[in-house]
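Asks:
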Amino acid sequence: MQQPEVKGPRVLLETSMGSILIGFYPDQAPLSVENFLAYVEGGHYDGLVFHRVIPDFMIQAGGHEADLAMRDGGRESIRNESDNGLSNARGTIAMARTGDPHSASSQFFINLTDNTFLNFGAQSQNEWGYTVFGTVLEGMETVDAIAVVETGNAGGMQNVPVEAVTIVSATIVQP
C-alpha cells in the first residue's frame, strides 16, 4: 500500500542517539496530527524517553520520564482514526493506545517493519487498528539504531532500554 504525500509542518525529534524528521498526513488523520503537534508545541516530549523498544516491531515514546514516571500531557484522549487507508508500514508513526480504541493521547510509536496486523480491520485487533498519522522523512538510521539497544525489565514494564534513549527536544519546522 502506497502512503500519500506528507503535508504541512514537520517535527524534528532530537534524540540522544540522533535526529528524526517526521512528516504528517493531516488529510487522513487530522485529529492525530493536531494532537501530536499540540504536544510538541507545549514541550511535552522534551526530556521523555523511548520506554518500549522491540526489534523488528517498533519503538515507543511519549509518556515516560527517564525514571519511567508517567508525564501527564493534560490533553484528552482522541478518537481512533485508523480507518483512514494508511498502513502501519516501516517508517510510519502511529498513535499508541490501551485496549480502548479511543484512548490515544501522547504516546506514539515508529514502525520498524510492515506491521499490517496493526491496521484497521486486522483480525487480531478486534477490527480497530492503530492510527498512522505520519512518517519518518529523515533519520531512519537513528530509528534503526534505537531499535537494537539493549533492553530489560524496569518499572513494571518490559523492553525498556537499559541506557535511556531520550528525546532531547521536539521542534516544529516548516518544510
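By the count of the working numbering, the sequence shown reaches residue 239 at its end, each step adding exactly one.
Think of the CB as a built atom: it goes at the ideal place given N, C-alpha and C, for glycine as much as any other residue.
Since this is a predicted model, take the numbers as computed values, not measurements.
1. Who does Asn175 pair with in a DSSP beta bridge?
2. I'd like to know whether the C-beta atoms of Thr195 and Ser96 end up nearer to each other than 7 Å.
3. According to DSSP, is Glu140 helix, strand or coil?
4. At what residue ranges does the segment 81-114 contain a whole run of the alpha helix (DSSP H), taking only runs of 4 or more?
5. Using the rule of at least 16 other Cβ atoms within 10 Å of the residue's Cβ for burial, across every protein chain shown, is Glu191 buried or exposed?
6. Skipping 5 residues on each side, what residues in its chain have a beta carbon closer than 6 Å to that of Asn217?
7. Could you tell me which residues DSSP pairs with Gly252 in its beta bridges?
8. Name the DSSP bridge partner or partners of Glu78?
9. Considering just the uninterrupted stretch of the beta strand (DSSP E) at Ala211, what are its terminal residues?
10. How about Arg135 and Pro239: do their beta carbons lie closer than 7 Å?
11. So, are the CB atoms of Phe88 and Val104 less than 7 Å apart?
12. Quick check: the Cα distance between Met122 and Thr177, rounded to an integer number of angstroms?
13. Quick one: what's got a C-beta closer than 7 Å to Leu76's C-beta in the same chain, skipping five residues either side?
14. Can you grab the Cα-Cα spacing for the pair Thr245 / Met221, in whole Å?
15. Would you call the segment 113-121 in contact with the segment 221-231, where contact means no fewer than 3 C-beta pairs closer than 8 Å?
Replies: Looking at the atomic coordinates:
1. Met122
2. yes
3. coil
4. 94-105
5. exposed
6. none
7. In the structure as shown, the chain begins at 65 and stops at 239. Residue 252 is therefore absent and cannot be evaluated.
8. Ser83 and Ser233
9. Here Ala211 belongs to no beta strand (DSSP E); instead the alpha helix (DSSP H) covers Met204 to Ala211.
10. no
11. no
12. 7 Å
13. Ser83, Leu85, Thr235 and Val237
14. Absent from the structure is residue 245, since the part of the chain shown begins at 65 and ends at 239.
15. yes
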